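Colleague: Residue 120 is where the sequence shown ends in the UniProt record's numbering, and the numbering goes up by one at each step. Even glycine gets a Cβ: it sits at the ideal position worked out from N, Cα and C. Please read all numbers here as calculations on a predicted model, not as lab measurements.
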Amino acid sequence: MQNADMVSALGYNPRLIYAVTFAIGAGLAGLAGGLLAPLTGVIPSMGVAFVAKAFITVISGGAAVILGTGVAAAIYGTISQAVTYVSTPVMGEAALFVAAIFLLRALPNGLAGRFFKGGV
């Protein structure tokens, strides 16, 4: 929630909105951990690689539009898997990060940034 005063003016309880939002986020995080645990085991750093890839994908796609994030995910997934197919998984991860650097240098506001005011 970005504006608690506006939420209050509309007749909603901002503390309830915060609590419900936190509960939904915590529930989704727990679900993700529960689904990932059988694949990787339960260790403190079990989701670090996934969080890093998701963060790079959202930043590159533009957080404002889901289509930009989807396109960025498709681009990064294709690059990573193509390089992994012809070489090693480590090179696939390296190619993903190199592609992210080039994309963010070329489009600082993300793929969807050019469709908004002040975009590239």
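Among the candidates L10, A73 and A29, whose CA atom is the shortest distance from the CA of F55?
Modeller: Translated into positions along the sequence shown, residue 55 becomes position 55. Answer by Cα proximity: A73.
Colleague: Just curious, the alpha helix (DSSP H) that Q81 is in, first and last residue?
Modeller: Within the sequence shown, residue 81 is the residue found at index 81, counting from 1. I66 to V86 is the span of the alpha helix (DSSP H), which, as asked, contains Q81.
Colleague: Does DSSP classify M91 as helix, strand or coil?
Modeller: Along the sequence shown, one-based indexing puts residue 91 at 91. M91: helix per DSSP, three-state reduction.
Colleague: With 16 as the cutoff for other CB atoms within 10 Å, does Y18 come out buried or exposed?
Modeller: Within the sequence shown, residue 18 is the residue found at index 18, counting from 1. Exposed, because fewer than 16 other Cβ atoms sit within 10 Å of the Cβ of Y18.
Colleague: Which residue comes first and which comes last in the alpha helix (DSSP H) that contains I43?
Modeller: Along the sequence shown, one-based indexing puts residue 43 at 43. No alpha helix (DSSP H) holds I43; DSSP gives it neither H nor E.
Colleague: Assuming G110 contacts I59 under a Cβ cut-off of 8 Å, what Cβ separation, rounded to an integer in Å, is found between them?
Modeller: Taking the sequence shown and counting its residues from 1, one reaches residue 110 at position 110. Taking the sequence shown and counting its residues from 1, one reaches residue 59 at position 59. The Cβ separation is near 7 Å, so the contact holds.
Colleague: Using a Cβ-Cβ cut-off of 8 Å (strictly less than) and excluding sequence neighbours within five positions of F37, which residues of its own chain qualify?
Modeller: The residue you call residue 37 lines up with position 37 of the sequence shown. It should be pointed out that residue 37 corresponds to Ala in this sequence rather than to Phe. Within the same chain, A37 has close Cβ partners M46.
Colleague: Buried or exposed: where does L103 fall if 16 or more other Cβ atoms within 10 Å of its Cβ makes it buried?
Modeller: Along the sequence shown, one-based indexing puts residue 103 at 103. When all chains shown are included, L103 counts as buried.
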